[in-house]
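A.B. asks:
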Amino acid sequence: MGVLDIVPAGVLTGDNVRKLFEYAKANQFAIPAINVTSSSTANAVLEAARDIKAPIIIQVSQGGSAYFAGKGLPNDKQQASIAGAIAAAHHVRTVAKEYGVPVVLHSDHCAKKLLPWFDGMLKADEEYFKSHGEPLFSSHMLDLSEESKEENIQICVEYLKRLAPIGVWLEMEIGITGGEEDGVDNTGVDNAKLYTQPEDVWDVYEAFSKVTPNFSIAAAFGNVHGVYKPGNVKLHPELLNKHQLYAEQKLSKQKPLFLVFHGGSGSTKEEIKTAVENGVVKMNVDTDTQFAYLAGIRDFIQNKSGYLQTQVGNPEGADKPNKKYYDPRVWVREGEKTLVVRVKEACTDLGNTNRLFPRAI
Ligand SMILES: [Zn+2]
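Anchor point for the sequence shown: position 265 equals 264 in numbering that gives the first Met the number 0, and the numbering is continuous, going up by one each time.
Okay, structure coming up:
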């Protein structure tokens, strides 16, 4: 059985999201979640998934959403982030089926102060549900990890009661991802908070599962956003097994938790493998794919410098036109190509290749 025997191509919602994650967990692979900021980056991610025959997760951060709508827009009430996330969702929905891959369309970290952004997306989900019988997005993340555990769980459960009936998956975070991303700076956070305890994960599971089975937990195991010098980050993905074992004892069900790996950029292959073995079904990659997108454009601009100084005139002659060098479809495309390569690498690291169709034995 391949993924397409279980779920359709295009944006997945409702139980199809869980079916995909269950399949991934049972077959010991995980799906990378790539942050996109434009139709160009979104298309490159879809292209990589199509080429490598795998499902994919496309996500927008609050800042990435605002960028998608345009940096020239005011965002004091999260209006640009709301509009941009919705625009990204409609774009991905429109083209995903053409790429023939199942897509989980997700929104990334939303802290308490950003809840107006979440509320705007949820309103769009509810409106879309009225006319289409499914939500606009597959999944959202609420990150209330900086609040007390009780408040974190309570607010999440309140939202879950609205998300579950329209078929939206919820990802939550407990424990803190260190480092800095998208303007959220956790570089000075207390070390103990970087490693979530099994009891806390269980408390989340117990409260959420009364409402819906459609949720995942980003438990911290020393994760850090961004890429730093080797040695600065002490990842302990083996700790995730403790969460699974603790829940297993309570439920007498194997590996009951859907876990999420934040700050996947810069991780070793071994760390990734251990995380997947312990029930990680989604790994976020942003920093490495940002760098990959730059690489193609940077190299093009450097290598073709002589063709990019004037509209007419290059090393081949003073009257030679340069349009085929400065057309954005040429140089932006170079960034897309290097991004495609990096997304494929993330898929390969997670075992997410050649998954759409039944595999030859
Ligand atoms: Zn994250």
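All residues carry an ideal CB built from backbone N, CA and C; glycine is no exception.
Closer than 7 Å to a non-hydrogen atom of ligand 3 - does that hold for the CB of Lys268?
C.D. replies: Summarising the ligand content, the structure contains ligand 1 and does not contain ligand 3.
A.B. asks: Just to confirm before moving on: does the CB-CB distance between Lys24 and Leu355 stay below 8 Å?
C.D. replies: Translated into positions along the sequence shown, residue 24 becomes position 25. Translated into positions along the sequence shown, residue 355 becomes position 356. No, these two residues do not count as a Cβ contact at 8 Å.
A.B. asks: Given Val6, which residues of its chain have a CB within under 6 Å of its CB, disregarding the five upstream and five downstream residues?
C.D. replies: Along the sequence shown, read from residue 1 onward, the residue named residue 6 stands at position 7. Asn15, Lys18, Leu19, Pro101, listed in sequence order.
A.B. asks: Classify Gln27 as buried or exposed, calling it buried when 16 or more other Cβ atoms lie within 10 Å of its own Cβ.
C.D. replies: For the purposes of this step, residue 27 is taken as residue 28 along the sequence shown, with counting starting at 1. Gln27 comes out exposed.
A.B. asks: Excluding the 5 residues preceding and the 5 following Ser37 in the sequence, name in chain order all residues of the same chain whose CB lies nearer than 8 Å to its CB.
C.D. replies: On the sequence shown, residue 37 is found 38 positions in, with the first residue counted as 1. Excluding sequence neighbours, Ser37 sits near Tyr66, Phe67.
A.B. asks: One question on the structure: do His89 and Gln58 come within less than 8 Å of each other, judged by their Cβ atoms?
C.D. replies: Taking the first residue of the sequence shown as position 1, residue 89 is located at position 90. Taking the first residue of the sequence shown as position 1, residue 58 is located at position 59. No, the Cβ-Cβ distance between His89 and Gln58 is not below 8 Å.
A.B. asks: In the DSSP assignment, what residue or residues form a beta bridge with Gly316?
C.D. replies: Walking along the sequence shown from the start, residue 316 turns up at place 317. According to DSSP, which records beta bridges pairwise, Gly316 is partnered with Asn313.
A.B. asks: With DSSP run on the structure shown, which of helix, strand or coil describes Met171?
C.D. replies: Stepping through the sequence shown from its first residue, residue 171 is reached at position 172. In the structure shown, Met171 sits in a strand (DSSP, three-state: E or B).
A.B. asks: Taking buried to mean at least 16 other C-beta atoms within 10 Å of its own C-beta, is Glu315 buried or exposed?
C.D. replies: The residue you call residue 315 lines up with position 316 of the sequence shown. Flag for Glu315 reads exposed.
A.B. asks: Whose C-alpha, out of Tyr245, Gln248, Asn222, is nearest the C-alpha of Pro236?
C.D. replies: Position 237 of the sequence shown, counted from the first residue, corresponds to residue 236. Checked all of Tyr245, Gln248, Asn222; the closest Cα to Pro236 is Asn222.
A.B. asks: In the DSSP output, what is Gln58 paired with across the bridge?
C.D. replies: Translated into the one-based positions of the sequence shown, residue 58 becomes position 59. For Gln58, which the question treats as bridged, DSSP gives the partners Asn34, His105.
A.B. asks: If you count every other CB in all the chains shown that lies within 10 Å of the CB of Thr40, and 16 or more means buried, which is it?
C.D. replies: Taking the sequence shown and counting its residues from 1, the one referred to as residue 40 is at position 41. Result: buried.
A.B. asks: Would Pro31 be called buried (16 or more neighbouring beta carbons within 10 Å of its own) or exposed?
C.D. replies: Reading the sequence shown from its first residue, position 32 is the one you call residue 31. The residue is buried, with at least 16 neighbouring Cβ atoms inside 10 Å.
A.B. asks: Cutting at 8 Å between CB atoms, please list the residues of its own chain near Glu179, excluding the five before and the five after it.
C.D. replies: Your numbering for residue 179 matches position 180 in the sequence shown. The residues are Asn185, Thr186, His224, Gly225.
A.B. asks: Is Gly262 near ligand 1, in the sense that its beta carbon is under 7 Å from a heavy atom of that ligand?
C.D. replies: Position 263 of the sequence shown, counting from 1, holds the residue named residue 262. Indeed, a heavy atom of ligand 1 lies less than 7 Å from the Cβ.
A.B. asks: Give a single yes or no on whether Asn185 has its beta carbon closer than 7 Å to a heavy atom of ligand 1.
C.D. replies: Working through the sequence shown from its first residue, we reach residue 185 at position 186. The answer is no for Asn185.
A.B. asks: First and last residue of the alpha helix (DSSP H) that includes Ile72?
C.D. replies: Numbered from its first residue, the sequence shown carries residue 72 at position 73. Rather than Ile, the amino acid found at residue 72 in this sequence is Leu. Run containing Leu72: none; DSSP gives neither H nor E here.
A.B. asks: Can you give, in chain order, each stretch of the alpha helix (DSSP H) that sits fully within the region 119-172 and has at least 4 residues?
C.D. replies: For the region 119-172, whole alpha helix (DSSP H) runs of length 4 or above, ordered along the chain, are 148-165.
A.B. asks: Give every residue of the same chain whose Cβ lies closer than 6 Å to the Cβ of Gly262, excluding the five residues on either side of it in the sequence, and list them in chain order.
C.D. replies: If you number the sequence shown from 1, residue 262 lands on position 263. Result list for Gly262: Thr176, Asn222, Val223, His224, in chain order.
A.B. asks: Can you grab the Cα-Cα spacing for the pair Val2 / Lys241, in whole Å?
C.D. replies: Residue 2 sits at position 3 when you count from the first residue of the sequence shown. Residue 241 sits at position 242 when you count from the first residue of the sequence shown. Near 28 Å, if we compare the C-alpha coordinates of Lys241 and Val2.
A.B. asks: Can you name the start and end residues of the beta strand (DSSP E) that Ala86 belongs to?
C.D. replies: As a first step, residue 86 must be located in the sequence shown, where it is residue number 87. Unbroken run through Ala86 is the alpha helix (DSSP H), 78-98; no beta strand (DSSP E).
A.B. asks: Under three-state DSSP, which class holds Ala217?
C.D. replies: Your numbering for residue 217 matches position 218 in the sequence shown. Three-state DSSP puts Ala217 in a strand.
A.B. asks: Among Phe136, Leu135, Asn151, which one has its Cα closest to the Cα of Asp142?
C.D. replies: Stepping through the sequence shown from its first residue, residue 142 is reached at position 143. Per the Cα distances, Asn151.
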